[in-house]
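Visitor: I have a structure here, written as structure tokens, and I will follow up with some questions on it.
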Amino acid sequence: MNKFFKYIFVAVVTIFFTSTAFAESPLKVINVKYFHATVRCASCVQIEDFITQTMNLAFQKEIGDSTLRFSSLDFMDPENEPMMEYYGFDTQALIITKVVDGKEVEYKNLELIWDYLSDFSKFEKYVEDEIKAFKD
């Protein structure tokens, strides 16, 4: 009888720790959204190029496992117009969002991208630092 209780105890403890250890953590995704006008100037194209370069240099792993996603969106497209009001911008913008279990829980407008347009190193550091801070 004593052995029986030991087996039951071991089974219960094993089940508890196994289910705790393998409990799913919330799925977290960072979206990097570049909003641009339908007709783009050279600076707007350059910003998108800088964003793409930064993401490819700094976030290969996250891009590969789809925990970091990039999209380039025309905010003048009727489908995307509501995002201007939601995110609070009225011209080209770089918005990063945090999505946990399918629900957007936080966002930030990286307004300083225009300040670093003439210096890729500063642009890259700014965007990379902001994305890394958002991931935590």
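In our numbering, the protein residues as written are 1153 to 1288.
Glycine included, C-beta positions come from ideal geometry on N, C-alpha and C.
(1) Per DSSP, which residues does D1226 bridge with? Please list them.
(2) Less than 6 Å between C-beta atoms, sequence neighbours within five positions excluded: which residues of the same chain meet that for A1285?
(3) Short check: CB of F1202 to CB of A1245, under 8 Å?
(4) Suppose contacts are defined by Cβ-Cβ distances below 8 Å. Is A1194 in contact with F1227 by that definition?
(5) Look at the alpha carbon of R1192 and the alpha carbon of S1224, and state the distance between them as a whole number of angstroms.
(6) Please confirm whether I1182 and L1220 have their CB atoms less than 8 Å apart.
(7) Assuming I1199 is part of the alpha helix (DSSP H), what are its boundary residues?
(8) Rounded to whole angstroms, what is the Cα-Cα separation between L1179 and S1218?
(9) Note down, in chain order, each residue of its chain lying with its Cβ closer than 8 Å to the Cβ of T1204, except the 5 sequence neighbours on either side.
(10) I'd like the list of long-range same chain contacts for T1206, defined as Cβ closer than 8 Å, with 5 residues on each side in sequence excluded.
(11) Look at the alpha carbon of K1185 and the alpha carbon of E1237, and state the distance between them as a whole number of angstroms.
(12) Could you tell me the alpha carbon to alpha carbon distance between I1265 and C1196, rounded to whole angstroms?
Guide: Judging by the given coordinates:
(1) Residue pairing from DSSP places D1226 in a beta bridge opposite H1188.
(2) Excluding its 5 nearest sequence neighbours in each direction, A1285 has no C-beta neighbour in its own chain below 6 Å.
(3) Not a contact, by the Cβ cut-off of 8 Å.
(4) Not in contact: A1194 and F1227 (Cβ atoms no closer than 8 Å).
(5) Rounded to whole angstroms, R1192 to S1224 spans 12 Å at the Cα level.
(6) It is a contact, given that the beta carbons lie within the stated cut-off.
(7) A1194 to A1210 is the span of the alpha helix (DSSP H), which, as asked, contains I1199.
(8) L1179 and S1218 have their C-alpha atoms spaced approximately 11 Å apart.
(9) For T1204, where only same-chain residues beyond five positions count, the Cβ hits under 8 Å are F1222.
(10) The beta carbon of T1206 lies closer than 8 Å to those of F1275, E1276, V1279 and E1280 in the same chain, with the five residues before and after it left out.
(11) Rounded to whole angstroms, K1185 to E1237 spans 15 Å at the Cα level.
(12) One C-alpha to the other measures close to 10 Å.
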